[in-house]
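Chemist: Going line by line, the protein sequences match chains A and B.
Position 8 of the first sequence, counted from 1, bears residue number 7 in numbering that gives the first Met the number 0, the numbering being contiguous throughout.
Position 462 of the second sequence, counted from 1, bears residue number 461 in numbering that gives the first Met the number 0, the numbering being contiguous throughout.
A single structure is presented below for examination.
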Amino acid sequence: MEWEIVIGIETHAQLSTESKIFSGASTNFGADPNVNACEVDIALPGVLPVLNKKAVEKAIQFGIATGARVNRQSIFARKNYFYPDLPKGYQISQFENPVVEGGEIKISVDGEEKIIRLTRAHLEEDAGKSLHEDFVGMSGIDLNRAGTPLLEIVSEPDMRSAREAVEYARHLHTLVQWIGVCDGNMQEGNFRCDANVSVRKKGEKEFGTRREIKNLNSFRFLQQAIEFEAQWQIEQIEDGHKIIQATVLFDPDSGETRLMRTKEDAHDYRYFPDPDLLPLNIDEKWFTSVEQAMPELPLAKIERYVKDLGLSAIDAQSMVASKGISDFFESAISQIPESETRKISKLVANWINGDLAAALNKEQVELVDSPVTAKMIGDLAQRIADNTLSSKLAKQVFEGLWNGSGSVDEIIEKEGLKQLSDSSELETFADQVIAANPQQAEDFRGGKEKALNALVGQMMKLTKGKANPAQVNEILRKKLA
Amino acid sequence: MFDKSLKELASSLASKDFSSVELTQAYLDRAKELNTSINAFVTIDEEQSLAQARSADQKIAQGNIQALTGIPIAHKDIWCAKGWMTTCGSKMLQNFKAPYNAHIIDRFNTAGSIIQGKTNMDEFAMGSSNETSFFGHVKNPWDSSRVPGGSSGGSAAAVAARMTPAATGTDTGGSIRQPAALCGISGLKPTYGLVSRYGMIAFASSLDQGGPMARSAEDLAILTEVMVDYDMRDSTSLKRDPVNYSANLETSIAGIKIGLPKEYFSDEVSPDVQKAVASAIGEYKKLGAEIVDVSLPTSPLSVAAYYVIAPAEASSNLSRFDGVRYGHRAKEYKDLNEMYAKTRAEGFGAEVKRRILIGTYVLSHGYYDAYYIKAQKIRRLISQDFAQAFEKCDLILSPTAPGTAFGIGEKASDPVQMYLSDIFTIAANLAGLPAMSIPCGLDDANLPIGLQLIGNYFDEARMLNAAHMYQKATDWHLKQAPLK
């Protein structure tokens, strides 16, 4: 029997604001417990929430970036439940009217493109943290995280394999960092996924009953959890059991999912509009100002790199693999005169993808910490383009750059790596080579093209590799004509 | 000293007839003495009050005098005041000392007034008789066997008994106006959004509004000016240009149109109240007002809508009282759920529990549309009723309550009868309109009768003007409770 896996993903992305979504307290990570919790965060009697505009702007940016509808009016609702790290006894979230609806994320698996539709994205506050380890017979409560702004991004059940789910999560992860709404730090829990997984026989129209795997904070866990869960569900059904709607947790140590609660003991959250907050209205002026401040998105960049910079589609794609690479690339070509950008951009892309990537990889260095700066790569490409350096010499210069020996021109100067391109000088060398190799010269004159290669080789040897090979070729041909 | 208006007190303090310390001490002494019988205050903290009074005296000596410098004001125990016990009338907050100031407390501090103490109230402002307070019921200064009304019953009784020059209250369904009526004082609930709710312990957020309680419209005007202020910490606070509410008190009201909603003049109103209100209408005619008939056809549904919306919001607002971070926590429990259950069972009184249950029920899956959504629709219709009525008139006049102060225990066992004592006050909260109560007579048993004026949005100045002109022409607001 062939089975199909159906996956939808809910992602909690922590919005990178300075202060919390409904209070002025700092969102800094790592402070001592309850240091970043003000009277609003600990829900003292009488306190009230005030919406952080920056959080709204990040939600708007996300909506624009995914081609979604940004609702001009949305409503904050209270989700009521008791838990010690939920100080108000309710979470302020959005229920019936979220700020963002629709949109999509494009993914590609094995070269095949697929569109994953988004249902919605809404603003909400995070809860605090219960600390069970450090206390005997009681639990500690740390409310530093309480009130941290989250964007909950809900996808349609459009994914059909763990790999697609991971690709979706990766693309989303790249996008939220790209547009600067989330720092993407998964270890700190700033980007975490819940996966809704069900299975059905191939060709069936109805979805199977789903189980939700909570709080997956790495792509690897996401993949492992879905794979295990789907296999478990298939086996259950094949053994004649029914899947019961439930919430499960993934245990990274065993690689298994285990039951947390079934639908029967699900909460009735008693959602209702929060009377402490007015409806969130986004007028055209606000929307436009956010839209104008949006960074250029990857797809637009690819198009521009191909059209204006003459990059191949593959190179263009690799230059937007992350915001960091794109920033590096654009910084490297920023100093180049416009007349030369097409020629040099290609070289810059090659160097980033080639020697730089190899060196970073070999030395386990992140791009942001690279000793070879974007400006250096730009300078290097320029010296190749103006024939100062051959590609072989350029590699030597790159090594110097990596080791901190100075700027491109300093290294060329210091190590005498300048390419020989003075014709009269080269002609003198050519005369010497022809005189020293009469047989090869005769062969070439007689029509043996290959004989020229030996003469060029001799020339390069004589000039210690600094001659411009194309120029050498031309001079020899002229002299032997 | 005890008969002086706020303006007279300010002038006596400025001309150093007496000091703020003397004034404050005198009021504290009287309050302490009468409190043993009336129970209007839950907290009197002489040291804190007198420290403020001493600093006020220094300011007066320096000539640095604000509207209320040196004048003691009592605050309903629903407002957080830094360093003061703030109990909200509940065992749940019996030991809660507020670590911050409500916005209006900051405003009163800036205006120079002295916090004279915290006044008793129905638990979490849920009640119309002050019988639900954990700290014992408040007695009506006019007749100690009767209730003072609620939920701001402590403030009303304190003002009526001259235990304080003036007080603050809050009004969710009539909690300023009904006790003002039952105690023979003046009280104003401003337009929703004018007085910041920051630091006011929430009952029903979309209805709660703070306001002043005093002996006259003139005093109310001064206090309203202090209390009304935009506060960015309250998202429902409205940003408007400041209004001088005292400026037009003396303006003639000849030609203003006063609407009488026929639904508020039904048989439910006791004959004494009917008579007193009729005579107040006559007084307004003499002052040149034009009396017109208006209708508020949805108003009979206001109590029902209110008892869905207010408990719904309350059930959520009161969730924070869970024993985790502050307030009462049960002594013994097996696990987390039992800690919650015992803490809340012990910490909340019967009326609060009743409303949490109602609120939880109406918000539950499957009941939300039938109750909460329907109540919100009624709420909109009530607002529309008022909008239509205000096309025909400038102010709406009615009795504040159907009767005068009832006996302690009389309605305590019948919540619906109790809820009906707010039948004329609730609609203004649902619509967010300003409304006030002023004394307009005494019944056969020598108990005060209240007259309600409802204004259009932001029309507090006109309401105060109309109330003041009435008080210039009559002396009902000067009648004093028969205390020794």
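The C-beta atom is built at its ideal place from N, Cα and C for all residues, glycine as well.
Under the rule that 16 or more other beta-carbon atoms within 10 Å means buried, what is A:Glu166, buried or exposed?
Modeler: With 16 or more Cβ atoms within 10 Å of its Cβ, A:Glu166 is classed as buried.
Chemist: Decide yes or no for the touch test of the stretch 391-408 of chain B against the stretch 248-265 of chain B: beta carbon pairs closer than 8 Å, at least 3 of them.
Modeler: Contact between the stretch 391-408 of chain B and the stretch 248-265 of chain B is present, because at least three Cβ pairs lie under 8 Å.
Chemist: Going by CA-CA distance only, name the one from B:Ser151, B:Met231, B:Glu7 that's closest to B:Ala101.
Modeler: If we check each option's Cα against that of B:Ala101, B:Met231 comes out closest.
Chemist: Counting only runs of 3+ residues fully inside the stretch 363-435 of chain B, write out the beta strand (DSSP E) ranges in chain order.
Modeler: You should have 394-398.
Chemist: Hey, could you find the ends of the alpha helix (DSSP H) B:Cys182 is sitting in?
Modeler: Unbroken alpha helix (DSSP H) run through B:Cys182: 176-182.
Chemist: Given a limit of 8 Å on CB to CB distance, which residues of the stretch 192-214 of chain B reach chain A?
Modeler: Against chain A - using a Cβ distance shorter than 8 Å - the residues of the stretch 192-214 of chain B are Arg196, Tyr197, Gly198, Met199, Ile200, Ala201, Ala203, Ser204, Ser205.
Chemist: Please report the distance separating the alpha-carbon of B:Ala485 from that of B:Leu12.
Modeler: Shown here, chain B extends from 0 to 483; a query on residue 485 of chain B therefore has no answer.
Chemist: Does A:Leu276 get closer than 8 Å to chain B when you measure Cβ to Cβ?
Modeler: It does: the Cβ of A:Leu276 has a partner Cβ on chain B nearer than 8 Å.
Chemist: Tell me the DSSP secondary structure of B:Phe457 in three-state form.
Modeler: Here B:Phe457 sits in coil by DSSP.
Chemist: List the residues of chain A whose Cβ lies closer than 8 Å to the Cβ of B:Val323, in chain order.
Modeler: Within 8 Å Cβ-Cβ: Pro83, Pro86, Ile140.
Chemist: Return yes when the Cβ of B:Ala180 is within less than 8 Å of the Cβ of B:Gly449, no when it is not.
Modeler: Cβ atoms of B:Gly449 and B:Ala180: closer than 8 Å.
Chemist: From the DSSP output, in three-state form, read off B:Leu206 for me.
Modeler: Three-state result, B:Leu206: coil.
Chemist: Would you call the CB atoms of B:Thr23 and B:Ile113 closer than 8 Å?
Modeler: A contact, by the Cβ cut-off of 8 Å.
Chemist: Specify, as a first and last residue, the run of the beta strand (DSSP E) that A:Gln89 falls within.
Modeler: In the sequence as displayed, the identity of residue 89 of chain A is Tyr instead of Gln. Here the beta strand (DSSP E) through A:Tyr89 covers 89-92.
Chemist: Check each candidate in B:Val415, B:Val41, B:Ile72 and name the one with the smallest Cα separation from B:Pro164.
Modeler: Closest by alpha carbon: B:Ile72.
Chemist: Using a Cβ-Cβ distance cut-off of 8 Å, determine whether B:Leu432 contacts chain A.
Modeler: Judged by the 8 Å Cβ criterion, B:Leu432 is not in contact with chain A.
Chemist: So what does DSSP say about A:Gly101, is it helix, strand or coil?
Modeler: Reduced to three states, the DSSP call for A:Gly101 is coil.
Chemist: Rank A:Ala480, A:Ile4, A:Leu479, A:Leu171 by C-alpha distance to the C-alpha of A:Leu231 and give the top, closest one.
Modeler: Checking the displayed sequence, the identity of residue 231 of chain A turns out to be Trp instead of Leu. Checking every option, the nearest Cα to that of A:Trp231 belongs to A:Ile4.
Chemist: Kindly indicate which residue of B:Val302, B:Asn34, B:Ile290, B:Gln416 has the alpha-carbon position closest to the one of B:Phe389.
Modeler: Nearest option by C-alpha distance: B:Ile290.
Chemist: Taking the beta carbon of A:Met137 as the centre, do at least 16 other beta carbons fall within 10 Å, making it buried, or is it exposed?
Modeler: Exposed, because fewer than 16 other Cβ atoms sit within 10 Å of the Cβ of A:Met137.
Chemist: Check whether chain B comes within 8 Å of A:Asp267, counting only Cβ atoms and requiring the distance to be less than that.
Modeler: It does; some Cβ of chain B falls within 8 Å.
Chemist: Under 8 Å between C-beta atoms, does B:Ser11 make it to chain A?
Modeler: Closer than 8 Å: no.
Chemist: Spatial neighbours of A:Ala450 within its chain, please: C-beta separation below 8 Å, excluding the five flanking residues on both sides.
Modeler: Result list for A:Ala450: Gln439, Ala440, Asp442, Phe443, in chain order.
Chemist: Three-state secondary structure (DSSP) at B:Ile255?
Modeler: Here B:Ile255 sits in coil by DSSP.
Chemist: Between the stretch 94-106 of chain B and chain A, which residues of the former have CB atoms less than 9 Å from a CB of the latter, in chain order?
Modeler: Of all residues in the stretch 94-106 of chain B, Phe95, Ala97, Pro98, Tyr99, Ala101 have a Cβ within less than 9 Å of some Cβ in chain A.
Chemist: Which ranges does the alpha helix (DSSP H) cover as unbroken runs of at least 4 residues, wholly within the stretch 227-307 of chain A, from first to last along the chain?
Modeler: Here the runs fully enclosed are 283-291.
Chemist: For the stretch 19-92 of chain B, list the beta strand (DSSP E) runs that are entirely contained and at least 3 residues long, ordered along the chain.
Modeler: Fully enclosed beta strand (DSSP E) runs of 3 or longer: 40-42, 71-75.
Chemist: Can you tell me whether DSSP reads A:His121 as helix, strand or coil?
Modeler: Strand.
Chemist: So B:Thr223 packs on B:Ile77, CB below 8 Å; how close in whole Å?
Modeler: That pair is no contact at about 18 Å.
Chemist: Taking any Cβ of chain A, which residues in the stretch 356-367 of chain B have a Cβ under 8 Å from it, in chain order?
Modeler: The stretch 356-367 of chain B vs chain A, Cβ under 8 Å: Thr359, Leu362, Ser363, His364, Tyr367.
Chemist: With DSSP as the reference, please indicate the residues paired to A:Arg68 in a beta bridge.
Modeler: In the DSSP output, where bridge partners are listed per residue, A:Arg68 has A:Glu100.
Chemist: Does the pairing of the stretch 374-394 of chain B with the stretch 420-432 of chain B give three or more beta-carbon distances under 8 Å?
Modeler: Yes: the two stretches touch, three or more of their Cβ pairs being nearer than 8 Å.
Chemist: Tell me which residues of the stretch 38-71 of chain A have at least one Cβ-Cβ distance to chain B shorter than 9 Å, keeping chain order.
Modeler: Those residues of the stretch 38-71 of chain A that come within reach of chain B (Cβ to Cβ, closer than 9 Å) are Glu38, Val39, Ile41, Ala42, Leu43, Pro44, Gly45, Val46, Leu47, Pro48, Val49, Leu50.
Chemist: Taking all protein chains shown into account, do 16 or more other C-beta atoms lie within 10 angstroms of the C-beta of B:Arg176, making it buried, or fewer, making it exposed?
Modeler: It is buried - the Cβ of B:Arg176 has at least 16 other Cβ atoms within 10 Å.
Chemist: Can you list, in chain order, the residues of its chain whose CB lies under 6 Å from that of A:Gln334, leaving out five sequence neighbours each side?
Modeler: Excluding positions up to five away in sequence, the list reads Gly377.
Chemist: Could you compute how far the alpha carbon of A:Glu163 sits from the alpha carbon of A:Ile106?
Modeler: Cα to Cα, the separation comes out at about 8 Å.
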